[in-house]
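What follows is a set of notes on a single structure, which appears directly below.
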Amino acid sequence: MSTEFRHDRGLAKRVSKIHGVNPVFLIEKISRERILDSFYWKRDCFGLNTATLLDRAVALQHIGGYDELQRPTPFICLGLKMLQLQPAPEIITYLLHQRDFKYLTCLAAFYIRLTLDSAGVYRTLEPLYADYRKIRYKKGSTMVLSHIDEFIDELLTSERSCDMILPRMVGRLYLEDQELLEPRKSEIDSDLESDESESGSD
Amino acid sequence: MEPNPDQKVTVNSYGRTSWNKEAYAQEALSRRKPAIEADSEAKAEVNAGTVTSHQLMQLREQVLEQVNLINTTTIISNQIAASNSKRGKGVGFYCDVCDLTFKDDYQFITHLNHPAHLKNVGFDEDVESQKEVSLQEVKDRLAMLKRNLALKREADGKEFDLSDRIKKRREFDLKEEEKRRVRRRAVKLRKRAETASADSDIAQMMGFGGFLSTKT
Numbered sequence: 191m192s193t194e195f196r197h198d199r200g201l202a203k204r205v206s207k208i209h210g211v212n213p214v215f216l217i218e219k220i221s222r223e224r225i226l227d228s229f230y231w232k233r234d235c236f237g238l239n240t241a242t243l244l245d246r247a248v249a250l251q252h253i254g255g256y257d258e259l260q261r262p263t264p265f266i267c268l269g270l271k272m273l274q275l276q277p278a279p280e281i282i283t284y285l286l287h288q289r290d291f292k293y294l295t296c297l298a299a300f301y302i303r304l305t306l307d308s309a310g311v312y313r314t315l316e317p318l319y320a321d322y323r324k325i326r327y328k329k330g331s332t333m334v335l336s337h338i339d340e341f342i343d344e345l346l347t348s349e350r351s352c353d354m355i356l357p358r359m360v361g362r363l364y365l366e367d368q369e370l371l372e373p374r375k376s377e378i379d380s381d382l383e384s385d386e387s388e389s390g391s392d
Numbered sequence: 084m085e086p087n088p089d090q091k092v093t094v095n096s097y098g099r100t101s102w103n104k105e106a107y108a109q110e111a112l113s114r115r116k117p118a119i120e121a122d123s124e125a126k127a128e129v130n131a132g133t134v135t136s137h138q139l140m141q142l143r144e145q146v147l148e149q150v151n152l153i154n155t156t157t158i159i160s161n162q163i164a165a166s167n168s169k170r171g172k173g174v175g176f177y178c179d180v181c182d183l184t185f186k187d188d189y190q191f192i193t194h195l196n197h198p199a200h201l202k203n204v205g206f207d208e209d210v211e212s213q214k215e216v217s218l219q220e221v222k223d224r225l226a227m228l229k230r231n232l233a234l235k236r237e238a239d240g241k242e243f244d245l246s247d248r249i250k251k252r253r254e255f256d257l258k259e260e261e262k263r264r265v266r267r268r269a270v271k272l273r274k275r276a277e278t279a280s281a282d283s284d285i286a287q288m289m290g291f292g293g294f295l296s297t298k299t
């Protein structure tokens, strides 16, 4: 424990461990250091609680990891803040499903991907495949137009997102074999069925 | 001769002076006591963790006004000397709680987050971070933020209107196109002038400046 204190800043206090470690360790060290040294973190993320964190999250303009000068974006700064605060699960679910602020939805999805177990991640995030709202995604020096469902797909299928290594996930098929998950029902199934029924009636 | 306990200075029969040390010590202690008491009272007042997180953030906002002034020009009294020391009020970002001056905003904000500063303000992080936020509070907060956003939009008179946006964009594009056209024309003219002058220079050097007769 003493070595942790000597080498790691910004550890979360009075929170339960996630994946067997202090929650802030889910963000790799180099990213954490950059975030802790960034101006946005020092100025705007100081002394926040779960309620006041929303003020900042609502003001988000884009998602992404680092900008061209390797400065962390506000998005991942708030991600680290959430890991430190560890809001209750029902709060996270509420933030994920509110429809007023799309970047807040992204932030909650990112947090869920980092903290929940594989089955939980699939179960919570897959319904968001039906969310087609546009988002700005900062990749280095360029800003890319993306959509929430694309971001969710990135979270569920790739190892990296927002310049960060995500915790490893168990494959979906394996979880289905273990009967921890139902087979996925695609969002376009209902569309296809309705198309078929229409063509059948013709 | 025994020294009189009431007298602080006594002179014996040979003219030698002696001082009553106990009396002096007592006097000094009585003089110091009120100061010590006042000091400890002030410390207790500050260190009790009386400042809540809300108050701290308000205070912080006030202090950060200085940082918002960045890239502006302010006239300061010339009595403030430029100095290398952080202590005291100087040119830069000033923290009046700790009486320190910083040369850049990054250092200043780092100081504002520092445990030493927080202790001076009277903020106890441990007390504050134990407060739980409930789901209802989160809902209320989001509702408030949504209301504020709507109000702000109304105040700006900017109700989102797609056709208006498209019209503005078209105007902007036309303006840009016009600018580009002007620039292109200017470049073309300059190039033409350059080539013309270069031709005449070479021609003169070669001895056929023009088609006029060279005989006089």
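Heads up: the sequence lines are chains A and B, in that order.
Residues 191 to 392 (this note's numbering) make up the first sequence, in order.
Residues 84 to 299 (this note's numbering) make up the second sequence, in order.
Virtual Cβ for every residue (Gly too), placed ideally from N, Cα, C.
Using DSSP's beta-bridge definition, name the partner residues of residue i.
{"i": "HIS337 (chain A)", "result": "A:LYS324"}
{"i": "TRP102 (chain B)", "result": "B:VAL92"}
{"i": "ARG350 (chain A)", "result": "A:ILE355"}
{"i": "THR332 (chain A)", "result": "A:LYS329"}
{"i": "PRO213 (chain A)", "result": "DSSP lists no partner for PRO213 (chain A)."}
{"i": "PRO262 (chain A)", "result": "A:TYR256"}
{"i": "VAL134 (chain B)", "result": "B:PHE206"}
{"i": "ARG374 (chain A)", "result": "None, per the DSSP bridge assignment."}
{"i": "LEU183 (chain B)", "result": "B:ARG170 and B:CYS178"}
Quick check: the Cα distance between residue i and residue j, rounded to an integer number of angstroms?
{"i": "LEU370 (chain A)", "j": "PRO198 (chain B)", "result": "47 Å"}
{"i": "ASP187 (chain B)", "j": "TYR107 (chain B)", "result": "50 Å"}
{"i": "GLN368 (chain A)", "j": "ASP256 (chain B)", "result": "58 Å"}
{"i": "LYS232 (chain A)", "j": "THR193 (chain B)", "result": "7 Å"}
{"i": "ALA278 (chain A)", "j": "TYR177 (chain B)", "result": "39 Å"}
{"i": "ASN103 (chain B)", "j": "TYR97 (chain B)", "result": "18 Å"}
{"i": "HIS197 (chain A)", "j": "GLU223 (chain A)", "result": "11 Å"}
{"i": "LYS375 (chain A)", "j": "ALA202 (chain A)", "result": "38 Å"}
{"i": "GLU259 (chain B)", "j": "ARG267 (chain B)", "result": "12 Å"}
{"i": "ILE338 (chain A)", "j": "ARG350 (chain A)", "result": "16 Å"}
{"i": "GLY175 (chain B)", "j": "LEU183 (chain B)", "result": "10 Å"}
{"i": "LEU272 (chain B)", "j": "SER246 (chain B)", "result": "39 Å"}
{"i": "ARG99 (chain B)", "j": "GLU105 (chain B)", "result": "19 Å"}
{"i": "GLU110 (chain B)", "j": "GLN90 (chain B)", "result": "12 Å"}
{"i": "HIS200 (chain B)", "j": "SER217 (chain B)", "result": "30 Å"}
{"i": "ARG143 (chain B)", "j": "LEU228 (chain B)", "result": "21 Å"}
{"i": "THR347 (chain A)", "j": "GLY361 (chain A)", "result": "9 Å"}
{"i": "MET333 (chain A)", "j": "GLY254 (chain A)", "result": "9 Å"}
{"i": "MET288 (chain B)", "j": "ALA279 (chain B)", "result": "15 Å"}
{"i": "ILE158 (chain B)", "j": "VAL270 (chain B)", "result": "45 Å"}
How about residue i and residue j: are their beta carbons less than 9 Å apart?
{"i": "MET354 (chain A)", "j": "SER228 (chain A)", "result": "no"}
{"i": "LYS328 (chain A)", "j": "THR283 (chain A)", "result": "no"}
{"i": "PHE341 (chain A)", "j": "ILE325 (chain A)", "result": "yes"}
{"i": "LEU238 (chain A)", "j": "GLY200 (chain A)", "result": "no"}
{"i": "GLY330 (chain A)", "j": "TYR230 (chain A)", "result": "no"}
{"i": "LEU345 (chain A)", "j": "LEU315 (chain A)", "result": "yes"}
{"i": "GLN145 (chain B)", "j": "PHE191 (chain B)", "result": "no"}
{"i": "ILE217 (chain A)", "j": "ILE281 (chain A)", "result": "no"}
{"i": "TYR312 (chain A)", "j": "LEU363 (chain A)", "result": "no"}
{"i": "LEU195 (chain B)", "j": "PHE291 (chain A)", "result": "no"}
{"i": "ALA309 (chain A)", "j": "GLU377 (chain A)", "result": "no"}
{"i": "VAL180 (chain B)", "j": "ASN203 (chain B)", "result": "yes"}
{"i": "LEU318 (chain A)", "j": "LEU356 (chain A)", "result": "no"}
Going along chain A in order, which residues have a C-beta closer than 9 Å to the C-beta of residue i?
{"i": "VAL265 (chain B)", "result": "By Cβ distance, chain A contributes nothing, its closest Cβ being about 29 Å from VAL265 (chain B), past 9 Å."}
So residue i contacts chain B; which residues on that side make the cut at Cβ distance below 7 Å?
{"i": "THR240 (chain A)", "result": "VAL216 and VAL221"}
{"i": "GLY210 (chain A)", "result": "What GLY210 (chain A) touches in chain B: nothing, since even the nearest Cβ is about 23 Å away."}
{"i": "VAL248 (chain A)", "result": "LEU228"}
Going along chain A in order, which residues have a C-beta closer than 7 Å to the C-beta of residue i?
{"i": "LYS229 (chain B)", "result": "ASP290"}
{"i": "TYR189 (chain B)", "result": "PHE229"}
I want to verify the contact list: residues of chain B whose CB lies under 8 Å from the CB of residue i, in sequence order.
{"i": "LEU244 (chain A)", "result": "VAL221, ARG224, LEU225 and LEU228"}
{"i": "GLU280 (chain A)", "result": "LEU218"}
Just the chain A side, please: which residues come within less than 8 Å of residue i by C-beta, in chain order?
{"i": "THR193 (chain B)", "result": "LYS232"}
{"i": "SER136 (chain B)", "result": "GLY237 and ASN239"}
{"i": "LEU301 (chain B)", "result": "Because chain B spans 84 through 299 in this model, residue 301 (chain B) falls outside it and cannot be assessed."}
{"i": "LEU139 (chain B)", "result": "GLY237"}
In chain B, which residues lie less than 9 Å from residue i when you measure between Cβ atoms?
{"i": "TYR284 (chain A)", "result": "LEU218, VAL221, LYS222 and LEU225"}
(request) Pair every Cβ in the region 205-220 of chain A with every Cβ in the region 245-252 of chain A, then say whether three or more of these pairs are closer than 8 Å. (result) no
(message) Three Cβ pairs or more, each shorter than 8 Å: is that satisfied between the region 210-221 of chain A and the region 234-249 of chain A?
(response) no
(message) Quick check: the region 257-276 of chain A against the region 200-208 of chain B, are at least 3 beta-carbon pairs closer than 8 Å?
(response) no
(message) Quick test of the definition: if touching needs 3 or more C-beta pairs under 8 Å, does the region 378-385 of chain A touch the region 285-302 of chain A?
(response) no
(message) Along the region 193-208 of chain B, where does the CB come closer than 7 Å to a CB of chain C? Name the residues.
(response) The chain inventory of the structure shown lacks chain C, comprising the protein chains A and B.
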